[in-house]
Amino acid sequence: MKFEFSAGGIVYSGKKVLVIKTKNLKGEFVWTFPKGIIEKGEKAEDTALREVREETGYEVKIIKLLDKVEYFFRKEGELVKKSVKWFLMEPIRKIADPDWEVSEVKWLDTIEALERLSYESDKELIARVM
Numbered sequence: 019m020k021f022e023f024s025a026g027g028i029v030y031s032g033k034k035v036l037v038i039k040t041k042n043l044k045g046e047f048v049w050t051f052p053k054g055i056i057e058k059g060e061k062a063e064d065t066a067l068r069e070v071r072e073e074t075g076y077e078v079k080i081i082k083l084l085d086k087v088e089y090f091f092r093k094e095g096e097l098v099k100k101s102v103k104w105f106l107m108e109p110i111r112k113i114a115d116p117d118w119e120v121s122e123v124k125w126l127d128t129i130e131a132l133e134r135l136s137y138e139s140d141k142e143l144i145a146r147v148m
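The numbering used here applies: residue 19 is where the sequence shown begins, and numbers increase by one.
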């Protein structure tokens with residue numbers, strides 16, 4: 019079994035949350051929150067800030083650690099245990115376009131986000147900040 023450690027951000031402004039549309043490992047489009055793998059020598063907080071900037075184009079600041087979520091999935095036939103640290107964030111300003119891997123970036127109210135998000139664990143994170 020492999021282990022992956024990631025970090026990401028739940029960016030909240032008023033009653034809206036920032037979500038991205040991207041492809042999962044199967045090549046299917048999903049709505050989720052920006053996150054990515056923690057690089058060697060990088061702190062989880064720095065990863066979360068970088069990934070949000072790269073995937074949404076927003077400069078943000080961390081408010082607090084929101085949760086740590088763990089789950090299993092298969093990648094190239096091998097079982098992977100993934101651990102994700104999620105940070106509650108607020109936007110500072112839009113500074114760039116999102117990376118090529120992101121199809122859309124949207125601000126959604128919490129009800130619409132709950133309807134659109136693809137993963138139950140993401141929906142549970144929204145419920146924690148409502």
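Backbone N, C-alpha and C define an ideal beta-carbon position, used for all residues, glycine too.
- How big is the Cα-Cα spacing for Pro109 and Lys93? In the sequence shown, counting from the first residue as 1, residue 109 sits at position 91. In the sequence shown, counting from the first residue as 1, residue 93 sits at position 75. In a straight line, the C-alpha of Pro109 is about 33 Å away from that of Lys93.
- Item | Uninterrupted alpha helix (DSSP H) stretches inside the region 41-109 (no shorter than 4 residues) | 62-74
- Task: Ignore the nearest five residues each way along the sequence and tell me which others in Leu97's own chain have a CB closer than 7 Å to its CB.
- Result: Sequence index remark: in the sequence shown, residue 97 carries index 79 (1-based). If we look at Leu97 and ignore the five residues flanking it on each side, its Cβ neighbours are Met19, Phe90.
- Query: Between which two residues does the alpha helix (DSSP H) carrying Lys141 extend?
  - Reply: As a working mapping, residue 141 is identified with position 123 in the sequence shown. From DSSP, the alpha helix (DSSP H) with Lys141 extends over 138-147.
- Could you give the C-beta distance for Lys82 and Leu106, rounded to a whole number, given that I count them as a contact under 8 Å? Looking up residue 82 in the sequence shown gives position 64. Looking up residue 106 in the sequence shown gives position 88. Lys82 to Leu106, Cβ: 5 Å. Contact.
- Message: Please report the straight-line C-alpha distance between Leu135 and Gly59, rounded to a whole angstrom.
- Response: In the sequence shown, counting from the first residue as 1, residue 135 sits at position 117. In the sequence shown, counting from the first residue as 1, residue 59 sits at position 41. Each residue's alpha carbon lies about 31 Å from the other.
- Which residues DSSP lists as bridging Arg111, in chain order: If you number the sequence shown from 1, residue 111 lands on position 93. DSSP lists Glu77 as partners of Arg111.
- Query: Exposed or buried, which one is Trp118 when buried takes at least 16 other CB atoms within 10 Å?
  - Reply: The residue you call residue 118 lines up with position 100 of the sequence shown. The residue in question, Trp118, is exposed, as its Cβ has fewer than 16 Cβ neighbours within 10 Å.
- Query: Do you know how far the Cα of Tyr30 is from the Cα of Ser101?
  - Reply: Here residue 101 refers to the residue found at position 83 of the sequence shown. Here residue 30 refers to the residue found at position 12 of the sequence shown. Going from the Cα of Ser101 to the Cα of Tyr30 covers about 22 Å.
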